[in-house]
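For reference, the structure is listed below as structure tokens.
Protein chains: 2
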Amino acid sequence: MRYLLTALLAASLTQAVAQSKPSERLVNYVKPIVGTQRMGHTFPGATVPFGMVQLSPETDTASYELNGKYNPRVYEYCAGYQYEDKTIVGFSHTHFSGTGHSDLGDFLVMPTVGALKLNSGTADHPGSGYRSAFSHSNEVSQANYYKVKLDDSRVTAELTTTTRVGFHQYTFPKSDQSHIILDLMSGIYNYPDKNVWTYIHVVNDTLVTGYRRTNGWARNRVLYFALTFSKPFAQHGFANYSKREVYNGFWGKFNQRKNFPELAAPQIKAYFDFKTEEGEKIKLKMALSPVSMEGALNNLRTEAPGWNFDQIKEKGQQQWEDELHKIEIQAKTRTDKENFYTSMYHALINPTIYMDVDGQYKGVDGNIHKADGYVNYTTFSLWDTYRALHPLLNIIEPKRNADMVTSMLMHYRQSPEQMLPVWSNSGNENWCMSGYHSVPVIADAIIKNNVNVNANELLDACVTTARHRNYEGIGTYIDKGYVTNEVSGTSVSNTLEYAFDDWCIAQAAKKLGRTDIYNEFIKRSENFKNVYDKASGFMRPRLNDGTFRKTFDALSTNNQGFIEGNAWNYTLFVPHQPTELIELMGGEKRFVPYLDSLFTMHLPDKYFAETEDITRDGIIGNYVHGNEPSHHVAYLYNWTSQPWKTQERVRMILPKMYKPTADGLGGNDDTGQMSAWYIFSSLGFYPVAPGSGQYAIGSPAVQKATIHLAGNKTFVVDVKNQSEKNVYVQRMLLNGQPLNRLYITDAELMNGGTLTFYMSSKHK
Amino acid sequence: MRYLLTALLAASLTQAVAQSKPSERLVNYVKPIVGTQRMGHTFPGATVPFGMVQLSPETDTASYELNGKYNPRVYEYCAGYQYEDKTIVGFSHTHFSGTGHSDLGDFLVMPTVGALKLNSGTADHPGSGYRSAFSHSNEVSQANYYKVKLDDSRVTAELTTTTRVGFHQYTFPKSDQSHIILDLMSGIYNYPDKNVWTYIHVVNDTLVTGYRRTNGWARNRVLYFALTFSKPFAQHGFANYSKREVYNGFWGKFNQRKNFPELAAPQIKAYFDFKTEEGEKIKLKMALSPVSMEGALNNLRTEAPGWNFDQIKEKGQQQWEDELHKIEIQAKTRTDKENFYTSMYHALINPTIYMDVDGQYKGVDGNIHKADGYVNYTTFSLWDTYRALHPLLNIIEPKRNADMVTSMLMHYRQSPEQMLPVWSNSGNENWCMSGYHSVPVIADAIIKNNVNVNANELLDACVTTARHRNYEGIGTYIDKGYVTNEVSGTSVSNTLEYAFDDWCIAQAAKKLGRTDIYNEFIKRSENFKNVYDKASGFMRPRLNDGTFRKTFDALSTNNQGFIEGNAWNYTLFVPHQPTELIELMGGEKRFVPYLDSLFTMHLPDKYFAETEDITRDGIIGNYVHGNEPSHHVAYLYNWTSQPWKTQERVRMILPKMYKPTADGLGGNDDTGQMSAWYIFSSLGFYPVAPGSGQYAIGSPAVQKATIHLAGNKTFVVDVKNQSEKNVYVQRMLLNGQPLNRLYITDAELMNGGTLTFYMSSKHK
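Order-wise, the sequence lines are chains A and B. Residues 5 to 768 (this note's numbering) make up the first sequence, in order. Residues 5 to 768 (this note's numbering) make up the second sequence, in order.
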């Protein structure tokens, strides 16, 4: 089994290498630091593509509560790092990339020198704890490599990874009191009692294993580790900060704090002492496992047997290089390339591999399972990623996307609720956000013939999920054609998203010849009409009695029946039926001005203040790019007589919302969805309705792009007369033949060929 | 693997059946109720020999703290049941038998009728919760069968088990509101925060799985279950009593209390609702696993596939019958037989099987292991059981005892501390009591050629354990020849017990030709001399500077350097060298009066009050039979010129300390050690020094006994002129030849034969 998986991975790599021509080193354009300031919620540390480990510095790990109240700053630390901060707390092994909610931050390690301090200290007084000051001038952040000088200890820390192993290289000054601290209490989103249980076992003077059970966003999670040191530690010790210690009466039998081999309690820390020479390097490798300490040890020994830091770093960077070469672009400016390849980087971090090298993983049912013939994934932020990330993966990572679909099916099979994943976090379900958006990912893969399990079983899983009457208003949705305001605070978002998801089920059913399913769900897909209020011209919460809710503010995102969006934006959420939507809204004569207004109107500050997840820059008029519900909106002009406005808007959004700087993202990257939008849009097309098999034409920002596809095919985007001003598409050729429509099909793309754009500064 | 184990077990059973001649049904003499009153700490419920499940009623589950202070009553509820109590809280699946400390009580189930009550209620007002009144007149307690009528609900509950499955049969009255409550919060020794984490998964309307992680006497323990119902429940629900519920904001997506399939939190309860007809039986089977929910399910399906309660009950009773027939006795009174076979029953409950049917178990290192070719055991209360229980098992359960020794070796291999077990509780080490008493068990097995692993590896494990300088004073013991008063509160107990254990190592080393080990440890075995204070005539705490501690009270057990014993009793703890002890204490002229005084002196009440674990009845003069340190003491007269006093004392102790009534045990049964003492002593001999290969002659209480041995051999104890008054051994024949010594050897016993005692009312 392990051989098989390794072989599959190797084959996938080989294919990639064969496809790409590494004429230039694309990792040089990757800037992981992008989005680490303000609302991007990305992390600057090291990871390989889709890696289980994301080894990155924490500049703070805000506590969920401060003085007994909710601490609003917790939100800033979803990825553990904020660019403005002046101190580093330590380096932990798991991080979300761009989420709007926090968890992880497992197994924080920090090198220190001098008197032992086991508390982390404060940002204002880093010397009060093991925390250290640092400056960005002493910081290097690359794909799979992070380096920083810790000013307080004069230790230089370098980090790199394999899929399941974090590799630390610490260069110490001369000291009799060098320490490495392993803080098992630290974590991102430090909800009180989040740490349920921790265990540490010092196996010998270079090997430590353990685990932590947490009750956080993943409500029922255990993560195991195996940690090895390049140099034996001289001594070690523990501290136990748990409220209560059971059977401490028996502790007299040993000194269980100093050089004792194990400790089990909710709140513990460990330290390891060394004597170091000036410039001496101490290296650490920590492997993770969702299964067991032995699984972690096996991952460690299989993936990172030696101590050659540079080799591991280079191997991971080559993995990135191979991934980045799947789309080779030509662009006028370095900025464009940095934006593009940083987007590629951020898009290919998630979902994350979730299994040991032997294929074992812990399922959502709490049992250990073995991935048989596929790679199992988690971190499915599906409300975000069904839109563009999974369609992108279908093109450049077809094997991985098929395996992700299989992972969703396994989640379904193991789910106590018998549901496909909504938000899969470390093999846990947190039911975050609206809809059931495994469905469009699966339907899109079925439509595109990219599944590696029985498609009918996948369809059945979609249908069962969509018929789950007890789940967030589905019962009323089935009975009345809309989710009633009474049963869900986000009844309109849910109705609109269920309707789209149902249309996806219908498309997959059609493809598979399942007429009964098609009929049932194509009917349900019309349900968007049931929440459209002609009087106000908006989608609007509707009550059980059939009337629309009276209190209603179309600009507010707060308690209006929507989630991360207001009525103005969400009213446009009918990606599967834009023509019917336009008709519903009174035809083009009313629809185009509505769309224009969205981008140009002034959103009063009070509404901005309640818009989640974005900075002021993340918004254009009332168009909120920093959240996802409007990601398809700029492309809707294609269904009117003024598609040039799509071209104009896309080219306006691209440079405005994406900059290759720490503050370059206007909103959460959302595990790659924001980045996937960038990639598609800068290539000149976008999947408005996954499941349709079509990509709507926009306006390419690249000069040329070569997309490497399976079977050594390429799809080339060739842009003539490209310039900042030439944002309008004058005409197009597909494989030399005029393309007189505003979309290309997935078949056209995947068969390979050339799409030639002729650009102009004037629209047609 | 499973086949192999099953085959081994079957072979063991077949052997037993073949050996015994079931002329009478011996289980009829077993009274599990013995010891359930006062200090016996036994349980009245159902279990099979060495079973993983002990399914028994809780009459209370005292909380460790009451109003913020230690609750002294917690101690009474080590086995969950106190005979005086008038109410039953429910039926849980794990119980210690006779321990002096509490834990377990996992997965409490209770049938109720009427309005749903999820709190347990109080003993004074059982109607205030799900608790019910009951009376002993409606109670049946047999080997592997327990029955009681619950007065409040009118439900009759019947319990039986297989090794890993508890089988409940509830006969309900007619009701639309019949419930079965599964209280996952309840446990014995309810230390605050003892419940670390709980999970429940309602798989379908007849199957529930889950687990509980506890931090109790076993500090780091998870127990999994699979529960199945004979009738589908109409509905189910949960209650969550945890202080905090993470992400309850998302609970709006479902009603997660009613008919929801899962819940994970520290403090939860579940209920299952039925409509029942008058007299309708609802049956439940709950399987346990230390490994996983799937392991529990596999145990359930393998061991108890059907719903025939009587068949399971009968099968388990037949297992007991087979075990009991290993020693067939003739006795004058039913009382004698009840005492004997109840002792056999209590002796063969522990240690307990600790592995799934597929051989998997969770080791003391927290990893999953597989028992390869042996049965893995836990519940080693070794400070108690090395004395007589394991020697007994070596005779009548040689295969099991060898597997227990192997289990100890596996524990050693997996132990982070690299130590043999001290007190193994559910695969955890709690280091309870003094000494390292795996050693005498292992040495005794080596001496008796009853090990199924490499004996040299066993010896090495003993040596490594005994050289563990950091463990409770071993460092000072090695350096100075005694554990100093400064490093251990029980320095004298430790010194004496280490010395005995070391002598055992020397015996095993001698047998294996390991001269260096022999020399090292035979020298250490003399260390008992180093804590003997000639001035006071007692073993006495000794300081680092070599002087004896000044403050000293030879009658007190409180902070005098001893554990569960005072200097008067512990001074006699040199079981391996009685002759040297007598010499040390001034020869027979001083030793015999000392021993006489022990049994006849008056112990002032203030000293009794501080003597743990026993009732007033558990003490004879200053001789404390209710605790273990003096269990060999009555036999020490054999090393003087007055062995008749041994005979007299033994025959006095037997009826005084063992009665076939609820209050029949004068102290904790201590997982069978008290019972094993009864069995040996009533047969007429006792293993004063395990590892010696000898049994000291006492005075038999039986008329005749046939011990069935391996290889179809028997050892018969034939007692002539037996009567209550004829307690003195006039002469003995071994296989017809005069036996002119005060011991028999293990070889003589195990080869089979007949030991004939001629009794008299006058001593020689």
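The C-beta atom is built at its ideal place from N, Cα and C for all residues, glycine as well.
Under the three-state DSSP convention, the category Leu743/A falls into | Locating residue 743/A in the first sequence gives position 739, counting from the first residue. Reduced to three states, the DSSP call for Leu743/A is coil.
Listed from N- to C-terminal order along the chain, which residues in the region 399–430 of chain A have their beta-carbon within a distance smaller than 7 Å of any beta-carbon of chain B?
-> Pro420, Glu421
Between Val692/A, Asn523/A, Thr494/A, which lies nearest to Gly569/A when the distance is taken from Cα to Cα?
-> Position 565 of the first sequence, counted from the first residue, corresponds to residue 569/A. With distances taken between Cα atoms, Gly569/A lies closest to Thr494/A.
Quick one: which chain B residues come within Cβ less than 8 Å of His205/A?
-> As a first step, residue 205/A must be located in the first sequence, where it is residue number 201. By Cβ distance, chain B contributes Asp369, Gly370, Pro420.
Asp155/B versus Val226/A - alpha carbon distance | Counting from one through the second sequence, the residue named residue 155/B turns up at place 151. Counting from one through the first sequence, the residue named residue 226/A turns up at place 222. So the alpha carbons of these two residues sit roughly 44 Å apart.
CB contact flag (Glu69/A, Phe313/A, <8 Å) | Here residue 69/A refers to the residue found at position 65 when the first sequence is read from its first residue. Here residue 313/A refers to the residue found at position 309 when the first sequence is read from its first residue. No, they are not a contact pair.
Span separating the alpha-carbon of Gly541/A from that of Met589/A = Walking along the first sequence from the start, residue 541/A turns up at place 537. Walking along the first sequence from the start, residue 589/A turns up at place 585. Here the C-alpha atom of Gly541/A lies approximately 7 Å from the C-alpha atom of Met589/A.
Rounded straight-line distance, which links the Cα of Asn405/A to that of Tyr639/A = Counting from 1 along the first sequence, the entry for residue 639/A is found at position 635. Counting from 1 along the first sequence, the entry for residue 405/A is found at position 401. Taking the straight line joining both Cα atoms gives about 25 Å.
Mapping DSSP to helix, strand and coil, what is Leu13/A?
-> Here residue 13/A refers to the residue found at position 9 of the first sequence. Only weak support exists for where Leu13/A lies, its pLDDT of 44 falling under 50; the coordinates are left without a value.
Under 8 Å between C-beta atoms of Asn454/A and Asn474/B | Here residue 454/A refers to the residue found at position 450 of the first sequence. Here residue 474/B refers to the residue found at position 470 of the second sequence. Cβ atoms of Asn454/A and Asn474/B: not closer than 8 Å.
Option nearest Phe684/A by Cα separation, candidates Leu30/A, Leu658/A, Tyr381/A, Phe111/A = If you number the first sequence from 1, residue 684/A lands on position 680. Measuring C-alpha to C-alpha distances from Phe684/A to each of Leu30/A, Leu658/A, Tyr381/A, Phe111/A identifies Leu658/A as the nearest.
Can you find a C-beta in chain B that's less than 8 Å from the C-beta of Asp197/A?
-> Translated into positions along the first sequence, residue 197/A becomes position 193. Closer than 8 Å to some Cβ of chain B, the Cβ of Asp197/A qualifies, so yes.
Residues of its chain near Tyr536/B, where Cβ-Cβ distance is below 7 Å and the 5 sequence neighbours each way are ignored = Locating residue 536/B in the second sequence gives position 532, where the first residue counts as 1. Same-chain partners within the cutoff: Met543, Leu588.
Just how far apart, CA to CA, sit Ala50/A and His99/A?
-> Residue mapping note: residue 50/A aligns to position 46 of the first sequence, counting from 1. Residue mapping note: residue 99/A aligns to position 95 of the first sequence, counting from 1. Distance between the alpha carbons of Ala50/A and His99/A: 10 Å.
Are the C-beta of Ser139/A and some C-beta of chain B separated by less than 8 Å?
-> By one-based count along the first sequence, residue 139/A stands at place 135. It does not; no Cβ of chain B falls within 8 Å.
Met763/A at chain B interface by Cβ criterion, 8 Å | Start at 1 with the first residue of the first sequence, and residue 763/A comes out as number 759. False, the Cβ-Cβ gap to chain B never drops below 8 Å.
If we count Cβ pairs, one from each stretch, closer than 8 Å, do we get three or more for the region 574–589 of chain B versus the region 495–514 of chain B?
-> In this structure the region 574–589 of chain B touches the region 495–514 of chain B; the number of beta carbon pairs closer than 8 Å is three or more.
Chain B beta carbons: is any one of them nearer than 8 Å to that of Met297/A?
-> In the first sequence, counting from the first residue as 1, residue 297/A sits at position 293. True, the Cβ-Cβ gap to chain B drops below 8 Å.
Hey, how far is the Cα of Phe1/A from the Cα of Ile478/B?
-> Nothing about residue 1/A can be reported from this structure: the residues present for chain A run from 5 to 768 only.
Examine the Cβ distances between the region 317–326 of chain B and the region 692–701 of chain B and report whether three or more of them are shorter than 8 Å.
-> no
Taking Gly220/A and Asp107/A to be in contact with their CB atoms under 8 Å, please state how far apart those CB atoms are, rounded to whole angstroms.
-> Here residue 220/A refers to the residue found at position 216 when the first sequence is read from its first residue. Here residue 107/A refers to the residue found at position 103 when the first sequence is read from its first residue. Going by Cβ atoms, the distance from Gly220/A to Asp107/A rounds to 5 Å, so yes, they are a contact pair.
Beta-carbon separation of Tyr486/B and Asn534/B under 8 Å?
-> One-based indexing of the second sequence puts residue 486/B at position 482. One-based indexing of the second sequence puts residue 534/B at position 530. Yes, they are a contact pair.
Buried or exposed by the 16-neighbour rule on C-beta atoms within 10 Å, applied to Leu753/A = Against the first sequence, residue 753/A aligns to sequence position 749. That one is buried.
By the criterion of Cβ-Cβ separation under 9 Å, what are the contact partners of Asn259/A in chain B?
-> By 1-based counting over the first sequence, the position of residue 259/A is 255. Those are Asn474, listed as they occur along chain B.
Out of Val409/A, Tyr440/A, Gly439/A, Glu476/A, point me to the one whose CA is closest to Glu461/A's CA.
-> Within the first sequence, the letter at position 457 stands for residue 461/A. With distances taken between Cα atoms, Glu461/A lies closest to Val409/A.
Taking just the CA atoms, how far does Ala447/B sit from Gly756/B?
-> Locating residue 756/B in the second sequence gives position 752, counting from the first residue. Locating residue 447/B in the second sequence gives position 443, counting from the first residue. Just so you know, the alpha carbons of Gly756/B and Ala447/B end up roughly 22 Å apart.
Buried/exposed call for Ser765/B, threshold 16 Cβ in 10 Å | One-based indexing of the second sequence puts residue 765/B at position 761. Counting of Cβ neighbours within 10 angstroms places Ser765/B among the exposed residues, the total staying below 16.
Three or more beta-carbon pairs under 8 Å between the region 273–286 of chain A and the region 226–243 of chain A, yes or no?
-> Cβ pair count under 8 Å is three or more, so yes.
Residue-level contact to chain B via CB, Val487/A, 8 Å cutoff | Sequence index remark: in the first sequence, residue 487/A carries index 483 (1-based). Not an interface residue.
Compile a chain-ordered list of the residues in the region 259–273 of chain B whose CB is closer than 9 Å to at least one CB of chain A.
-> Asn259, Asn263, Phe264, Pro265, Glu266, Ala268, Ala269, Pro270
Applying the criterion that 16 or more other CB atoms from any shown protein chain within 10 Å of the CB defines a buried residue, is Lys25/A buried or exposed?
-> Taking the first residue of the first sequence as position 1, residue 25/A is located at position 21. Note that Lys25/A scores a pLDDT of 48, beneath 50, so its modelled location is shaky and nothing firm can be said.
Is the region 595–605 of chain A touching the region 636–650 of chain A, taking contact as three or more C-beta pairs under 8 Å?
-> yes
Would Tyr79/B be called buried (16 or more neighbouring beta carbons within 10 Å of its own) or exposed?
-> Looking up residue 79/B in the second sequence gives position 75. Buried: at least 16 other Cβ atoms inside 10 Å.
Would you mind sorting Pro36/A into buried or exposed? The rule is 16 or more other CB atoms within 10 Å of its CB.
-> Counting from 1 along the first sequence, the entry for residue 36/A is found at position 32. Its Cβ being crowded by 16 or more others within 10 Å, Pro36/A is buried.
Beta-carbon of Arg217/A versus every beta-carbon of chain B: anything under 8 Å?
-> Along the first sequence, one-based indexing puts residue 217/A at 213. Interface residue, yes.
Name the two residues that bound the continuous alpha helix (DSSP H) containing Gly320/A.
-> Taking the first sequence and counting its residues from 1, the one referred to as residue 320/A is at position 316. Unbroken alpha helix (DSSP H) run through Gly320/A: 313–328.
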